[in-house]
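Residue numbers (our numbering): 76 to 530.
Every residue, glycine too, gets a C-beta built ideally from N, C-alpha and C.
Worksheet for the structure shown next.
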Ligand code: ARG
């Protein structure tokens, strides 16, 4: 039995049914019931349903909600989608009065609402997950303290010494921005499409504002065609997920590098690593690799969401049913990657070797700048020192004061101290930089933001 059996004869062809049926939307079951409850309450308030009808349908939806919560709700192969399943089960429970549930409603506004309810809840879940990850990075940064110095990299070449904490906190900042993006979305999710009907409204005295307020939303749609025909907010949600996964992908890439023998910066906890079925000695960073892999799928899903809508005539078109598979997929991938990477970072042991001494080259140049030498000249002089050492096959660590004095008269013996990475780092006290003071300030700022004070 279909929702539209009055119009079409015979039974749907299985090739048609199997191709068009929506299964992914079963995840919206509880949202569909919540939206239905508000709809029925509104129908009762405006007098479309009698008090008894409202009570009977509400009681049925309540039972349905319990079945959904306990996992007892059973879908049938004859359910075209989650909306049909809810209506079918309601009628089984309360009899023909259940057929009044869909008064003044279409699956077009219903599915648009379900998605908004779903995203409203899940966006907060992602925001919390990303906050937890950022706090794990903050805690790791604190544990590393003021002594653990690594090279910063540009072009994957060692650039300047910096605290490892500084490097981890860069990911903390990215996670905090990714979190904020989900919170910003809440404004645009605060608008109910229910009451838009199939496309152009209803002759019944519906109150979309009332339904919206029953659902805890401050507004109802302004245009019914837009309400049923647009998925920009779903695309935005997928963008937020994809963007966060891109951040996690970069963290993943660093973890993969750090865990190589060549880098040797990190030892992963056994619980957050995998082994090889073939190579007995292997310990692999699969969590980090899959964070990269899931980001690739998320970019595909974001592209799909945008492509889905780009050529659609106004208003609802069945193409839009495809939005859910993409949305749910990135949703799961982001949740999984966030918690697995948080666990990986929290349990990892970091032990990076110090940066190469030549990463102090800019500090040497800036020592000259501090004595009035123009930066361009200081850069040339220091570059020439690096070139000379390379030509003589000497390490920067063999640099002596006479090398410095040969290169420029303004060098002083104490400038050799700059080759000590801890000294070098702590001279660079600019805000947001890698010195201990700056890192401490970054930790305080992130903690304040994530506890809500800065948001
Ligand atoms: N399952 C559809 C979706 O996800 C909603 C149903 C709309 N179907 C229809 N024939 N108007 O978009």
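Just verifying my parser: in three-state terms, what is the DSSP assignment at residue 298? coil
Classify residue 98: buried if its beta carbon has 16 or more other beta carbons within 10 angstroms, exposed otherwise. exposed
According to DSSP, residues forming a beta bridge with residue 226: 236
Can you list, in chain order, the residues of its chain with a C-beta nearer than 8 Å to that of residue 260? Leave out the 5 residues immediately preceding and following it. 194, 198, 308, 311, 312 and 315
Measuring from the CB of residue 279, is there a heavy atom of the ligand ARG at a distance below 7 Å? no
Which residue comes first and which comes last in the alpha helix (DSSP H) that contains residue 128? 126-145
Between the CA atoms of residue 318 and residue 530 - distance to the nearest angstrom: Unreliable placement is indicated for residue 530, whose pLDDT of 47 sits below 50; the coordinate value is still reported in the next sentence. Those two C-alpha atoms are separated by around 19 Å.
Enclosing alpha helix (DSSP H) for residue 123 [first to last residue]: Neither: residue 123 is in no alpha helix (DSSP H) and is coded neither H nor E.
How about residue 518 and residue 211: do their beta carbons lie closer than 8 Å? no
Could you tell me whether the region 111-122 touches the region 277-292, where touching means 3 or more Cβ pairs closer than 8 Å? yes
Touch check for the region 329-342 and the region 352-363: three-plus C-beta pairs under 8 Å? yes
In or out: residue 447 buried (at least 16 other Cβ within 10 Å) or exposed? exposed
Among 295, 273 and 423, whose alpha-carbon lies nearest the alpha-carbon of residue 346? 423
Is residue 322 helix, strand or coil by DSSP? helix
Residue nearest to residue 398 in terms of C-alpha spacing, selected from 380, 91 and 513: 380
Where does residue 175 land, buried or exposed, given buried means 16+ other C-beta within 10 angstroms? buried
Would you mind reading off the limits of the alpha helix (DSSP H) that contains residue 91? 89-95
Pick out the complete alpha helix (DSSP H) segments inside the region 405-484, 4 residues or longer, and give them in chain order. 436-445, 450-466 and 476-482
Cβ pair count under 8 Å reaching 3, the region 441-456 against the region 406-418: no
Are the CB atoms of residue 110 and residue 189 nearer to each other than 8 Å? yes
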